Amino acid sequence: RIAERTLVGLEHTHAYVVERELVTRVGQPLACSDWERERRHLEALDLFSEFDLSVEAVGENGVELVYDFRELPQYFIFPAMKSTDVNGWMLGGGGSLINVMGHYIRADVYARTSVSPLFAASEYMLWLTAPWLVNIPVKWEFLVTQVDSENPAKQFKEESFGVELDIYQRTSLPLYILYTADIFTIAH
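Each residue of the sequence shown is one higher than the one before, starting from 1 at the first, in my numbering.
This is the structure in structure tokens:
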């Protein structure tokens, strides 16, 4: 029987993020199939470069499960670029936080500006997503975008701002129900 369950190596991730993926419970018998299931769940989190389970004897009939984790880097920085027929080449930078404040929320942000003519157009984006909404297992995404673009040669001007919230509810079928709320303003 499982007498104890210990999590080691969680420097940034809160323990509850891992615990809600575990199927083993203190007081239950240990089954190898439980570890296989837990391993798949933990791999799907994409928060750890590696993790392992060791089983240690406790008392006469008990075992302690020790989960040992090595977390991935918490952020990545990258170049953000694209080319369009309206604005030409746009360059900038961006970054991703894969585990905001240890709550398994991913945040991506970028900013780009046109190269020629320099600063004639700009784009900004913030995207947050997580598979849980507080303690409810529903996926959510929150997106904020802003575009300011002008190309006199093509007689084009756009100023837009958008906010979007999407909530995905799992059904008993292999389908999701999508609830969405959007606010967009566009000026030409």
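Glycine included, every Cβ here is placed at the ideal spot set by N, Cα and C. Note that the coordinates shown come from a computational prediction; the quantities given were computed from them, not determined experimentally.
Neighbour-count burial assignment, residue i, 16 or more Cβ in a 10 Å radius
i    : result
M90  : buried
R25  : exposed
V55  : exposed
T84  : exposed
A130 : buried
E11  : exposed
S114 : buried
I186 : exposed
Y176 : exposed
I98  : buried
Y179 : exposed
Per DSSP, the bridge partner or partners of residue i
i    : result
P79  : G93
Q146 : Y124, F161
D85  : Its beta-bridge partners do not exist; DSSP assigns none.
K139 : Y168
A57  : V63
Pairwise C-alpha distance: residue j and residue i
i    : j    : result
A121 : Q169 : 37 Å
A57  : V17  : 26 Å
V86  : L126 : 23 Å
F184 : R39  : 41 Å
Y110 : F161 : 15 Å
V147 : E158 : 7 Å
R70  : V163 : 35 Å
Selected residue, minimal CA-CA separation from residue i, among the options
i    : options             : result
T182 : L143, E158, K154    : First, the amino acid is wrong: residue 182 is Asp here, not Thr. The candidate whose alpha carbon is nearest that of D182 is L143.
D46  : S33, M81, A31, Y104 : Y104
G93  : E71, M101, E123     : E123
H14  : P137, K154, V100    : V100
R5   : Y75, E64, L97       : E64
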